[in-house]
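Working notes for the structure below.
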């Protein structure tokens, strides 16, 4: 079974959101990290159906509400030029790729997981809409 | 025995750690029982290189003397860093003592005004600090990270994360957790309490220690107490930062004394603490002690982040340190699975000196048996790499890459960028990284064979190159995430206030991440003798598999010489190595080595300075084509050694027809006739370039941009401003469509709606003029003739007549090559473009071989190979000035 890293997960999600035309997302810790944890939960449940297995966890800290994994993937995605943080508050991210860029990113080696990422993007958008972030 | 992801395997690891603790501790406990250590009866004072004096209590001395702790004396805090920073030889034991010292200072600071942390809790913190690193194996984090290359490790950490409900990434914390939870450790604690007469530890001390080490809450009465061991400004961090910097000779800016002095504790009604802390406190609890940093000391946390960031950049992620760590990982790859009890026990079967002096017998001791034949080979490789470590013949960088490379001419190229993202992502996955190394190793073999250097392979044990090639991606962990969890405390008139640091210093993660992540570079490490072939092999593999281009600016990071690379490439090319390879990685033609070459490139770049190229999506604006000498060189290199020089000469004749030329052309035409023409109108639809050129013409103050209908309803003359005329067919077609006349030439394009009859009549009577900024007199004459035939009062003006490029001499080999390239790019059976169709435009539409470019697009009349992308001779062809495809 192929392993899926936190960067695979987040890049696949960002690519799918880009394809759906999402441009800006609030990442205020107390709300965003639990949203991503909920998406991860779905991934964990469904990964086996797609022949993959996560090699990471997203478990928000019980006191602080944040996830170091989430904060790391955000920083990595920014370094990769996939997202940027809004200055000066760093409370929003802008997705720096458009639908074409999303397709290219998925096409590199995540194409077979597209239905999975579609599902995860839906979970993300639904959970995100329910938070005060939206 | 490999540990897999099942619960039972998690239980098996726990049992192994318990057995390990039993083996180390039981003889010591028996010895203490038989002969109590009197030297510990009064505690001890240690001289410490960082904190001057560290004081241990008797009970702590007894724990320190146990083999579980003494083992840390033989494990270097920084693993292999001393191979780069010679004085960084301090051990985990020194760090553990320093952590005890600092946790006491933190407690003292919190208890300054009032004893908020009790004696038992203070004792618990000290003992926990002393034991927090007992889970470290050989070479500390180096072996810990090496273990992450094993799937079993990663899955075991997942199980552990679920168990403790926290993200856990460190095997050392898992091991420490299980060792402290072992029956042997509980016996040790019980016994040292009896021997020392110190019964100050809380009941259930081992489980509380476990909680603190993995970052779980110890007690709701002091809900953040555990963070003094594992948290935003924990004693561990404060010691290792200061100690690592001091012992390495690397200065850092963090003022630890000031930070400790700013640590605060306040007893608060539960109702007044932040909601996130309340969630961890039982409903009936009325007060709690909150720990944090005084509001006035917030900057000390920034300093902490800054210090960590600099240390990661200068020390922990130093490329030579990473090269040495790659060697340890390579050793683990060979022998860890041989370890008796499985790979996860390998780090505990050795100490640093044994690993660095590894021999086959030591591998057999690790395995607990004689090695089988196939295992002998792996052992030999591990021993060879260990010997290289011992002799400090370290791996070196052969190739360097990063998402943001300095002076990267392809930074805006979508395929190159997404290729780098994919490379980095895959290189972080051991399985994918292994496949990448296999490909590189296969190319290295080919290169060595073609160069006649196979003898190099004889020096490699087992004839397997893969253990000697290590892809180490950019992978710096961000350093601010834990620290920003701190709380700031202030004393107001209405009592203490608590606020999250991350709200007050929202920018801290941004700058710290940006500093580290934009500097972190990926490397391909190898042994010195393979550095050049590994560079050439990696360049080819990354170009072919990922579309990544290797900018010359990265050669110094890879410690490679461009002249040596050029010479070797020429040899390889003669031997056929680059026959199917992308043109841009082939050897640079000799003509490029002349002193005049850079200035010739620069002239072309300057001519194309205002070229913008097509942009396919607004949000990807920054990914449009950016012209640079490197791009121009790569383009002409596609013509091969035979024609590259002629191609560059040809490019020097490129003409960019931009805003200035167009405005000059229109201005020259209406000079003296400004009362005659008041309107400038786009000829064509909104999708056509005339919308842009008309906008440009609007720079002339006397001209007003109008729609054709509005302009026709006025009485004055109407001007059309166009960039280029080739055959004139397109302009004629537009005029015909406006009048509803059947097309004289079928251009296979959508036609504009005819004008209404009233406007059609006006169109035929008004004074019209069309100005072409550049083009052919043949085309201008054709438009003129057609206008007359259509009954239009149209004056045609061509400002600058362009001739086909002189660089393409009829029948010359270079012209024939351009035709061949154009033909290969154009023929596309899927859309019905056969050879006959292509033959009419191999040198551009009409085969006129024009060298004209607009800032916003390139006309089809321009030489085809300049704008058409595709494949030539089976290899990708990258145009210099791509055209926006018709939709």
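Chains as they are written, first to last, in my numbering: chain A, 1 to 134; chain B, 1 to 887. Note that beta-carbon positions come from the ideal geometry of N, C-alpha and C, so glycine has one too. As the structure is a prediction and not an experimental result, all values here were calculated from the model.
Self-check item: Beta bridge counterpart(s) of residue 292 of chain B as assigned by DSSP
Solution: Looking up residue 292 of chain B in the second chain gives position 292. BP columns for residue 292 of chain B point to B:264.
Practice problem: Compare the C-beta of residue 427 of chain B against all C-beta atoms of chain A and say whether one is closer than 8 Å. | Solution: Numbered from its first residue, the second chain carries residue 427 of chain B at position 427. No, its Cβ sits nowhere closer than 8 Å to a Cβ of chain A.
Quiz prompt | Given residue 421 of chain B as reference, the closest of B:401, B:407, B:81, B:431 once Cα atoms are compared | solution = Against the second chain, residue 421 of chain B aligns to sequence position 421. The shortest C-alpha separation from residue 421 of chain B is found at B:401.
Quiz prompt | CB contact below 8 Å: residue 510 of chain B versus chain A | solution = Residue numbering aside, residue 510 of chain B sits at position 510 when the second chain is read from its first letter. Taking 8 Å as the CB threshold, residue 510 of chain B lines the interface with chain A.
Quiz item: Counting contacts by CB-CB distance shorter than 8 Å, is residue 78 of chain A in contact with chain B?
Solution: Working through the first chain from its first residue, we reach residue 78 of chain A at position 78. Closer than 8 Å: yes.
Quiz item: Does residue 85 of chain A come within less than 8 Å of chain B when only Cβ atoms are used?
Solution: Within the first chain, numbered from 1, the residue matching residue 85 of chain A stands at position 85. Yes, its Cβ sits closer than 8 Å to a Cβ of chain B.
Self-check item: Assigned exposure category for residue 813 of chain B - 16 Cβ within 10 Å defines buried
Solution: Along the second chain, one-based indexing puts residue 813 of chain B at 813. The residue is exposed, with fewer than 16 neighbouring Cβ atoms inside 10 Å.
Exercise. Output, in chain order, the set of chain B residues within a Cβ distance shorter than 7 Å of residue 59 of chain A.
Key: Taking the first residue of the first chain as position 1, residue 59 of chain A is located at position 59. Correct list: 161, 165, 166, 167.
Self-check item: Interface flag, residue 477 of chain B vs chain A, CB-CB below 8 Å
Solution: In the second chain, the residue the question calls residue 477 of chain B occupies position 477. Yes, residue 477 of chain B lies at the interface with chain A (some Cβ there is under 8 Å from its Cβ).
Quiz item: Which residue from B:463, B:107, B:578, B:91 puts its Cα closest to that of residue 352 of chain B?
Solution: On the second chain, residue 352 of chain B is found 352 positions in, with the first residue counted as 1. Of B:463, B:107, B:578, B:91, the residue nearest in Cα terms is B:91.
Quiz prompt | The alpha helix (DSSP H) enclosing residue 314 of chain B, as first and last residue numbers | solution = Locating residue 314 of chain B in the second chain gives position 314, where the first residue counts as 1. Taken as a continuous stretch (DSSP letters only), residue 314 of chain B belongs to no alpha helix (DSSP H), as it is neither H nor E.
Quiz item: Using a beta-carbon distance cut-off of less than 8 Å, what residues from the region 64-78 of chain A approach chain C?
Solution: Looking at the structure shown, chain C is missing, and the protein chains on hand are A and B.
Exercise. Would you mind telling me which residues of chain B sit closer than 9 Å to residue 31 of chain A, beta carbon to beta carbon, in chain order?
Key: Within the first chain, residue 31 of chain A is the residue found at index 31, counting from 1. Correct list: empty, because the minimum Cβ distance to chain B is about 12 Å.
Quiz item: Between which two residues does the alpha helix (DSSP H) carrying residue 431 of chain B extend?
Solution: The sequence position of residue 431 of chain B within the second chain is 431, counting from 1. Residues 430-451.
Quiz item: Out of curiosity, what's the CA-to-CA distance linking residue 370 of chain B and residue 361 of chain B?
Solution: Position 370 of the second chain holds residue 370 of chain B. Position 361 of the second chain holds residue 361 of chain B. In a straight line, the C-alpha of residue 370 of chain B is about 9 Å away from that of residue 361 of chain B.
Quiz item: Taking three-plus beta-carbon pairs below 8 Å as touching, is the region 840-853 of chain B in contact with the region 791-805 of chain B?
Solution: yes
Quiz prompt | Contact list for residue 223 of chain B against chain A, beta-carbon separation under 9 Å | solution = Translated into the one-based positions of the second chain, residue 223 of chain B becomes position 223. In chain order: 63.
Practice problem: If I'm right that residue 213 of chain B touches residue 176 of chain B with Cβ under 8 Å, what's the distance once you round it to whole angstroms? | Solution: Translated into the one-based positions of the second chain, residue 213 of chain B becomes position 213. Translated into the one-based positions of the second chain, residue 176 of chain B becomes position 176. About 5 Å; that satisfies the 8 Å criterion.
Quiz prompt | Cutoff 7 Å; reference residue 7 of chain A; Cβ partners in own chain excluding five residues on either side | solution = Start at 1 with the first residue of the first chain, and residue 7 of chain A comes out as number 7. Closer than 7 Å at the Cβ level, and outside the excluded window around residue 7 of chain A, lie 73, 76.
Quiz item: Going along the chain, which residues of its own chain have a beta-carbon closer than 8 Å to the beta-carbon of residue 653 of chain B, five neighbours each way excluded?
Solution: Here residue 653 of chain B refers to the residue found at position 653 of the second chain. Cβ neighbours of residue 653 of chain B beyond the five flanking positions: 805, 806, 807, 851.
Quiz item: Over what stretch of residues does the alpha helix (DSSP H) that includes residue 19 of chain A continue unbroken?
Solution: Residue numbering aside, residue 19 of chain A sits at position 19 when the first chain is read from its first letter. Its alpha helix (DSSP H) spans residues 6-19.
Quiz item: At a Cβ threshold of 8 Å, is residue 90 of chain A touching chain B?
Solution: On the first chain, residue 90 of chain A is found 90 positions in, with the first residue counted as 1. For residue 90 of chain A, the answer is yes, since a Cβ of chain B falls inside 8 Å of its Cβ.
Quiz prompt | Validate contact between the region 295-306 of chain B and the region 480-489 of chain B using beta carbons, cut 8 Å, 3 pairs | solution = Judged by Cβ distances under 8 Å, the region 295-306 of chain B makes contact with the region 480-489 of chain B, as three or more pairs qualify.
Exercise. Might you give, ordered along the chain, the residues of its own chain that have their beta carbon closer than 8 Å to the beta carbon of residue 521 of chain B, omitting 5 neighbours on each side?
Key: Taking the second chain and counting its residues from 1, one reaches residue 521 of chain B at position 521. So the list reads 319, 400, 401, 402, 474, 557, once near-sequence residues are dropped.
Practice problem: Kindly indicate the opening and closing residues of the beta strand (DSSP E) around residue 797 of chain B. | Solution: Taking the second chain and counting its residues from 1, the one referred to as residue 797 of chain B is at position 797. Where residue 797 of chain B is concerned, the enclosing beta strand (DSSP E) stretches over 794-798.
Quiz item: In the structure shown, what three-state DSSP assignment does residue 9 of chain B receive?
Solution: Counted from its first residue, the second chain places residue 9 of chain B at position 9. If DSSP states are grouped into helix, strand and coil, residue 9 of chain B belongs with the helices.
Exercise. Tell me, please, whether the CB atom of residue 299 of chain B is closer than 8 Å to any CB atom in chain A?
Key: Here residue 299 of chain B corresponds to residue number 299 of the second chain, with the count starting at 1. Not closer than 8 Å to any Cβ of chain A, the Cβ of residue 299 of chain B fails to qualify, so no.
Quiz item: What's the gap between the Cα of residue 927 of chain B and the Cα of residue 460 of chain B?
Solution: Here chain B covers residues 1 to 887 and nothing more, so residue 927 of chain B does not appear.
Quiz prompt | Span separating the alpha-carbon of residue 79 of chain B from that of residue 349 of chain B | solution = For the purposes of this step, residue 79 of chain B is identified with residue 79 of the second chain, where counting begins at 1. For the purposes of this step, residue 349 of chain B is identified with residue 349 of the second chain, where counting begins at 1. Going from the Cα of residue 79 of chain B to the Cα of residue 349 of chain B covers about 16 Å.
Quiz item: At least one CB of chain A closer than 8 Å to the CB of residue 414 of chain B: is that the case?
Solution: On the second chain, position 414 is the one that residue 414 of chain B refers to. Yes, residue 414 of chain B counts as interfacial toward chain A.
Exercise. Between the Cα of residue 234 of chain B and those of B:683, B:797, B:128, spot the shortest distance and give me the residue it belongs to.
Key: Looking up residue 234 of chain B in the second chain gives position 234. Closest option to residue 234 of chain B, Cα to Cα, is B:128.
Quiz item: Using the rule of at least 16 other Cβ atoms within 10 Å of the residue's Cβ for burial, across every protein chain shown, is residue 3 of chain B buried or exposed?
Solution: Residue 3 of chain B sits at position 3 when you count from the first residue of the second chain. With a pLDDT of only 38 at residue 3 of chain B, under 50, the local geometry of the prediction cannot be trusted, and no value is derived from it.
Quiz item: With a CB to CB cut of under 8 Å and the five nearest residues on each side skipped, what residues in its chain are close to residue 681 of chain B?
Solution: If you number the second chain from 1, residue 681 of chain B lands on position 681. Closer than 8 Å at Cβ, skipping near neighbours: 694, 705, 706, 707, 708, 711, 718, 719, 720.
Quiz item: For residue 8 of chain A and chain B, any beta-carbon pair shorter than 8 Å?
Solution: As a first step, residue 8 of chain A is located in the first chain; it is residue number 8 there, counting from the start. It does; some Cβ of chain B falls within 8 Å.
Quiz item: Can residue 756 of chain B and residue 737 of chain B be called in contact, C-beta distance under 8 Å?
Solution: Within the second chain, residue 756 of chain B is the residue found at index 756, counting from 1. Within the second chain, residue 737 of chain B is the residue found at index 737, counting from 1. Not a contact, by the Cβ cut-off of 8 Å.
Practice problem: Hey, could you find the ends of the beta strand (DSSP E) residue 734 of chain B is sitting in? | Solution: Here residue 734 of chain B is taken as the residue at index 734 of the second chain, counted from 1. Premise fails: residue 734 of chain B lies in the alpha helix (DSSP H), 729-739, not in any beta strand (DSSP E).
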